Amino acid sequence: MRSRTSNSASPARSRSCSSRWCSSSRSFSSVSSSGWFITSERGREADCSRPDGRASRTSGASPVSASSLAASAVTIQRQRRPLPLRRAGSYVLLAVVSVLVAFPLLLALSYSFMSESEIATFPPPVLPLHPSLDNYEKVLAAIPIGRYLLNSFVVSSAVVIGQLITASLAAYAFSFLVFRGRQLLFFVFLSTLMIPWEATIIPNYMTVRSLGWLDTYQGLAVPFMATAFGTFLLRQAFLQIPREMWDAARIDGATTFRFLREVVIPLSRPALGTVAIYGFLSTYNQYFWPLLITNETLMRTTQVGIAQLRFEESLRWGLVMAGVIMVAVPTLALLVLGQRQLIRGLTAGAVKG
4 MRSRTSNSAS
14 PARSRSCSSR
24 WCSSSRSFSS
34 VSSSGWFITS
44 ERGREADCSR
54 PDGRASRTSG
64 ASPVSASSLA
74 ASAVTIQRQR
84 RPLPLRRAGS
94 YVLLAVVSVL
104 VAFPLLLALS
114 YSFMSESEIA
124 TFPPPVLPLH
134 PSLDNYEKVL
144 AAIPIGRYLL
154 NSFVVSSAVV
164 IGQLITASLA
174 AYAFSFLVFR
184 GRQLLFFVFL
194 STLMIPWEAT
204 IIPNYMTVRS
214 LGWLDTYQGL
224 AVPFMATAFG
234 TFLLRQAFLQ
244 IPREMWDAAR
254 IDGATTFRFL
264 REVVIPLSRP
274 ALGTVAIYGF
284 LSTYNQYFWP
294 LLITNETLMR
304 TTQVGIAQLR
314 FEESLRWGLV
324 MAGVIMVAVP
334 TLALLVLGQR
344 QLIRGLTAGA
354 VKG
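Quick look at the structure:
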């Protein structure tokens, strides 16, 4: 009689779970990190509520006193607590590395406000004695820096959109769809990371030239709209979504793209943000490919423009440093605003392989 009751209740339970697959996806991201703890606590309560009075699987074990448990917990906490000297050494090392990394940028910022006579003095001052914005005005007059920034933003945004679409679809197929040769195809796709980009530059150039995409936004953006790194990162993030949610969605009649749109994408926002930031920065900092396929001045990007400025004004370092600061500010702002999203996405993609 007991088995019939449990069997008759199981279909209703499965129907209720499958109808709530979409709503449960919203709360999965907040409880996934502590799910093992909830499960263990529930299992412990279930063991304590057994009718035969057994509180654990092992019977006859000697009870452990609360004082011994507290003493062991304090000992473990003391062992894990870092030493003050070690912590101070870590802070000092971090400060030294930060200064070494930030010093060139800070020096360029200081030189951009100096006159040429101040820079020519020996030793040159670290801070400008008479700060001025003349170098920035001269940069705007020397090269079309505004056009270069616009071209870089357009190309980088197009590459980011293309990478998010292609990488998310490919990662979704490698994570949830079952087909023959899936692992082999993913391995081949991932092995392209070991091929240097310089080895494919000639075929890419010949393809772009045959399509008539020289000096166009298509030629600058399309060759980089597929990324193996983004596919790998998103696949690792998609694999953390429980397979039971996929099964429940299929039972409930959800299509493949609906599950991707309503469950996978919302739960993978940190990884998607990481792919977007990485793709934007890598495209924004490209130099050789824009130099290769652009001949018109108005189609060049920021890195090519800065190289042109340095070649034309090689002796006016204040002018060159002002151009460098104008080009570096957008990337630094994006990195500062998106560093938390970047770290969350990288750590989320590194949990499950």
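Note that our numbering has the sequence shown beginning at 4, numbered continuously upward.
Quick reminder that beta carbons are idealized off the backbone N, C-alpha and C, glycines included.
These figures come from a predicted structure and were not determined experimentally.
Query, Result
"DSSP state of residue 213 mapped onto helix, strand, coil", "helix"
"Buried versus exposed call for residue 293 [16 or more other C-beta atoms within 10 Å across all chains shown]", "buried"
"Contact set for residue 113: own chain, Cβ-Cβ below 7 Å, skip 5 residues either direction", "129, 130 and 131"
"For residue 184, three-class secondary structure by DSSP", "coil"
"Residue burial classification, residue 198 (beta-carbon count within 10 angstroms, cutoff 16)", "exposed"
"Beta-carbon proximity check, residue 305 vs residue 175, cutoff 8 Å", "no"
"Three-way DSSP call (helix, strand, coil) for residue 303 in this model", "coil"
"CB contact flag (residue 96, residue 178, <8 Å)", "no"
"Residue closest to residue 302, alpha-carbon to alpha-carbon, out of 142, 146 and 248", "146"
"Closest by C-alpha distance to residue 154, when choosing among 208, 283 and 339", "283"
"Assumed close pair residue 220, residue 157 - CB separation to whole angstroms, cut-off 8 Å", "6 Å"
"Option nearest residue 264 by Cα separation, candidates 329, 339, 98 and 172", "172"
"Through-space distance from residue 250 to residue 313, alpha-carbon basis", "59 Å"
"Where residue 261 falls, given that 16 or more other Cβ within 10 Å makes a residue buried", "exposed"
"Neighbour flag for residue 107 against chain C, beta carbons, 8 Å", "Structure shown: chain C not included; a single protein chain is present."
"Candidates 169, 230, 159 and 235, of which the one nearest residue 186 by Cα", "235"
"Closer than 7 Å: residue 115 CB and nearest the ligand SAM heavy atom", "What this structure holds is no ligand at all, so the ligand SAM is not there to describe."
"Under the three-state DSSP convention, the category residue 319 falls into", "coil"
"Anticipated Cβ contact below 8 Å, residue 118 with residue 135, distance rounded", "7 Å"
"CB contact flag (residue 331, residue 108, <8 Å)", "yes"
"C-alpha distance - residue 89 paired with residue 101, whole-angstrom precision", "18 Å"
"Spatially closest choice to residue 141 from 286, 246, 325 and 267, by CA coordinates", "325"
"Inter-residue spacing [alpha-carbon to alpha-carbon] between residue 190 and residue 196", "10 Å"
"Extent of the continuous alpha helix (DSSP H) run through residue 202", "From DSSP, residue 202 is part of no alpha helix (DSSP H); its letter is neither H nor E."
"Nearest to residue 274 (by Cα), restricted to the options 206, 244 and 212", "244"
"Member of 315, 269, 239 and 307 whose CA lies at the smallest distance from the CA of residue 193", "239"
"Residue span of the alpha helix (DSSP H) that contains residue 248, given as start and end", "246-254"
"Opening and closing residue of the alpha helix (DSSP H) in which residue 138 lies", "137-145"
"Contact under 8 Å by Cβ, residue 309 with residue 115", "no"
"Residue 259 versus 167, 180 and 340, residue with shortest Cα-Cα distance", "180"
"Chain-order list of residues whose beta-carbon lies under 6 Å from that of residue 341 (same chain, five-residue window excluded)", "280"
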